[in-house]
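For reference, the structure discussed in these notes is given below.
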Amino acid sequence: MQIYLATKNPGKLAAANSVFSEYGITLNLVETDYPEIQAETSQEIAKFTALEVAKSLNAPAIREDHSLYINALKFPGPYTNYFEKKIPASMLLEWLKNSNDRSGYFEIAAVYANPDGFFKEFVYQVPITIALEEKGDLQKGWARVLMLKDDTRTFAEYPEQERVHVWNKNYQAIVNYLKENL
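Numbers given in this note's numbering equal positions in the sequence shown, counted from 1, plus 148.
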């Protein structure tokens, strides 16, 4: 079976390949750029693109979208990418300096879609903590302050490959769904 994966993010590709390759499912990266809509949830964003890709390529497609929710700030949600480009990690820490709540979570939404318009949504949350100071690779933006809950390292302090097991749960759920329903 072949499925198109709509991403240019190497981490998402690694997470997907860590699951699909075990089941003999070939992932084809989507070469064409598709518009990423602004929506209130990651599920809406993933659904729109997965359906567009599946219809235009006449083949099954998957799109995953991540949203970060910082509990004390009640944002940025599905606007994470925009805010991360505009607000440096140092400013994020400044906003949180008087807060006792440094918790948050990633909402990870994925949608599997067929060309006929059928789709199946998958979503889960990954609890995170905001560090007290920036640590790790200077080029990594907010990854310098984001940590998995119960970890002491920021994402920028260790290779993304070490976190694949955290990010691949939707892909495993998609494989399980396909095994049961195809």
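Don't be surprised by glycine CBs; every beta carbon is placed ideally from N, CA and C.
Spatial neighbours of residue i in its chain, beta-carbon cut-off 7 angstroms, leaving aside the 5 residues before and after
i       : result
Trp-243 : Leu-221
Gly-225 : Ser-215, Tyr-217
Asn-206 : Pro-263
Asp-249 : Asn-219, Ala-220
Leu-175 : Ile-151, Leu-153, Ala-164, Asn-165, Phe-168
Ala-194 : Arg-211, Glu-212, Asp-213, Ala-257, Ala-258, Val-259
Range of the contiguous beta strand (DSSP E) that encloses residue i
i       : result
Glu-269 : 267-278
Leu-294 : 294-296
Ala-209 : 209-218
Phe-223 : 223-225
Tyr-152 : 150-153
Asn-176 : 174-177
Any non-hydrogen atom of the ligand HEM closer than 7 angstroms to residue i Cβ
i       : result
Glu-188 : In terms of ligand content, the structure shown is empty, and the ligand HEM therefore cannot be addressed.
Distance, residue j Cα to residue i Cα
i       : j       : result
Tyr-182 : Glu-269 : 19 angstroms
Tyr-152 : Ser-238 : 37 angstroms
Val-314 : Glu-281 : 23 angstroms
Pro-263 : Asn-246 : 50 angstroms
Ala-162 : Ala-187 : 26 angstroms
Ile-235 : Gly-252 : 17 angstroms
Thr-189 : Glu-170 : 30 angstroms
Ala-198 : Ile-278 : 31 angstroms
Contact belief for residue i with residue j at Cβ below 8 angstroms, rounded distance in angstroms
i       : j       : result
Asn-324 : Ser-166 : Wrong, their Cβ atoms sit about 15 angstroms apart, outside the cutoff.
Residue i - partner residues in DSSP beta bridges
i       : result
Glu-255 : Ser-215, Gln-273
Gln-309 : DSSP, once it has assigned bridges, lists no residue as partnering Gln-309.
Tyr-260 : Ile-210, Lys-268
Residue range of the unbroken alpha helix (DSSP H) whose run includes residue i
i       : result
Ile-193 : 190-205
Gly-159 : 158-168
Leu-326 : 317-329
Trp-290 : No alpha helix (DSSP H) holds Trp-290; DSSP gives it neither H nor E.
Other residues of its chain near residue i: CB distance less than 6 angstroms, five sequence neighbours each side excluded
i       : result
Gly-284 : Arg-292, Thr-302, Ala-304, Glu-305
Thr-228 : Ser-215, Leu-216
Gln-273 : Tyr-253, Glu-255
Pro-275 : Tyr-253, Lys-297
Other residues of its chain near residue i: CB distance less than 8 angstroms, five sequence neighbours each side excluded
i       : result
Pro-208 : Met-149, Gln-150, Ile-151, Tyr-152, Ala-202, Tyr-260, Ala-261, Asn-262, Pro-263
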